[in-house]
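**Q** Residue numbers (our numbering): 18 to 276. To start, I am sharing the structure in question, which I have written as structure tokens.
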């Protein structure tokens, strides 16, 4: 009887030591993963910077920086981003933790490369909360419609498998000279190359004035290129296909859940 009790007690002690060892290993492993500058092994493999053929063509006045899941172009003075480009893929979506954004009156600083689009990347140290990715946006109606647009594009990427997208600020003629960090609005362009029909679409949202629906903010990608001087998707498609996709847009070709 004493021998049996002693055996059971030894087994119980071994089990406790095993559990404690596992917890200690998991804690140390988790700390190393999240404190390291390298991506955790379980995160999706990002597209290498040299293979991101969906980026706009950068001119000599811009500085392009590459994050694990998106690329960012900064103005010549480095004060604010010109554009953020990335693959919009469902396996990288997430619900980021909410934080208190810095603001001035009815303006607030918000990320250009959206955390919700790259929620998986937020689990590493290299996420979207870097100063270079912050832009000034109007609160209220503009931010509400910007969020509606983000949700719509995510739905399209789920339906089609993936979209290539670029977003950034835009200014009306000469207005940027007064407050270069306060744009008149923001654009977002996207192309679907998964077939069977290749297509593209662009959106222009203004910081000022009401925005009733996304439907009346749809424009061609070419028109946004003319407004901003940015050449989108310069290396992604043949010139003939690029001219077709960027010159025309057909809202009825897209499935709308929110307008």
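Ideal Cβ placement from N, Cα and C applies to all residues, glycine included.
Within the same chain, show all residues whose beta-carbon is closer than 7 angstroms to that of residue 177, passing over the 5 residues directly before and after it, in chain order.
**A** Result list for residue 177: 209 and 211, in chain order.
**Q** Counting along the chain, where does the beta strand (DSSP E) carrying residue 218 start and finish?
**A** Where residue 218 is concerned, the enclosing beta strand (DSSP E) stretches over 216–223.
**Q** Evaluate residue 256 with the Cβ neighbour count: other Cβ atoms within 10 Å of its Cβ, from every protein chain shown; 16 or more gives buried, anything less gives exposed.
**A** It is exposed - the Cβ of residue 256 has fewer than 16 other Cβ atoms within 10 Å.
**Q** Return the chain-ordered list of same chain residues with a C-beta closer than 6 angstroms to the C-beta of residue 10, the five sequence neighbours on each side being excluded.
**A** Because the chain spans 18 through 276 in this model, residue 10 falls outside it and cannot be assessed.
**Q** If you follow the beta strand (DSSP E) that residue 124 is in, where does it begin and where does it stop?
**A** First-last of the beta strand (DSSP E) with residue 124: 124–128.
**Q** Over what stretch of residues does the beta strand (DSSP E) that includes residue 151 continue unbroken?
**A** Its beta strand (DSSP E) spans residues 151–155.
**Q** From the DSSP output, which residues share a beta bridge with residue 202?
**A** Paired residue(s): 187 and 223.
**Q** Taking 8 angstroms as the cut-off, does the region 145–157 touch the region 95–106 (at least 3 CB pairs, one atom from each stretch)?
**A** Verdict: yes, contact present.
**Q** Within this structure, are the beta carbons of residue 73 and residue 101 separated by less than 8 angstroms?
**A** No, these two residues do not count as a Cβ contact at 8 angstroms.
**Q** Taking a contact to mean a Cβ-Cβ separation below 8 angstroms, would you say residue 133 touches residue 159 in this structure?
**A** In this structure, residue 159 does not lie closer than 8 angstroms to residue 133 by Cβ.
**Q** Along the chain, where does the alpha helix (DSSP H) containing residue 104 start, and where does it finish?
**A** Looking at the DSSP string, residue 104 is not in any alpha helix (DSSP H); the run it does join, the beta strand (DSSP E), is 98–105.
**Q** Using only the alpha-carbon positions, how far apart do residue 271 and residue 136 sit?
**A** Taking the straight line from one Cα to the other gives about 25 angstroms.
**Q** DSSP state of residue 257, grouped into three classes?
**A** The answer is helix: DSSP assigns residue 257 an H, G or I state.
**Q** How many whole angstroms separate the CB atoms of residue 262 and residue 216, which I take to be in contact at a CB cut-off of 8 angstroms?
**A** Going by Cβ atoms, the distance from residue 262 to residue 216 rounds to 6 angstroms, so yes, they are a contact pair.
**Q** Taking the Cβ atom as the reference point for each residue, do residue 86 and residue 127 lie within a distance shorter than 8 angstroms?
**A** Not closer than 8 angstroms, so no.
**Q** In the structure shown, what three-state DSSP assignment does residue 52 receive?
**A** Low per-residue confidence applies at residue 52: pLDDT is 40, beneath 50, and the placement is therefore not dependable, though the value from the model is reported in the following sentence. Of the three classes helix, strand and coil, the one that applies to residue 52 here is helix, per DSSP.
**Q** Are the beta-carbon atoms of residue 244 and residue 187 separated by less than 8 angstroms?
**A** Going by C-beta atoms, residue 244 is nearer than 8 angstroms to residue 187.
**Q** Which class does residue 245 belong to by DSSP, given the choice of helix, strand or coil?
**A** Correct three-state label for residue 245: helix.
**Q** Quick one, which of 82, 75, 179 and 274 has its alpha-carbon nearest residue 65's?
**A** Comparing Cα positions, the closest option is 82.
**Q** Quick check: what's the CA-CA separation for residue 234 versus residue 221?
**A** Taking the straight line from one Cα to the other gives about 6 angstroms.
**Q** Determine the contact status of residue 219 and residue 266, defining contact as a CB-CB distance below 8 angstroms.
**A** Yes, they are a contact pair.
**Q** Alpha carbon to alpha carbon, how far is residue 206 from residue 169?
**A** If I take the Cα positions, the gap works out to 12 angstroms.
**Q** Just reading off the beta strand (DSSP E) that residue 90 is part of, what are its end residues?
**A** 88–91 is the extent of the beta strand (DSSP E) around residue 90.
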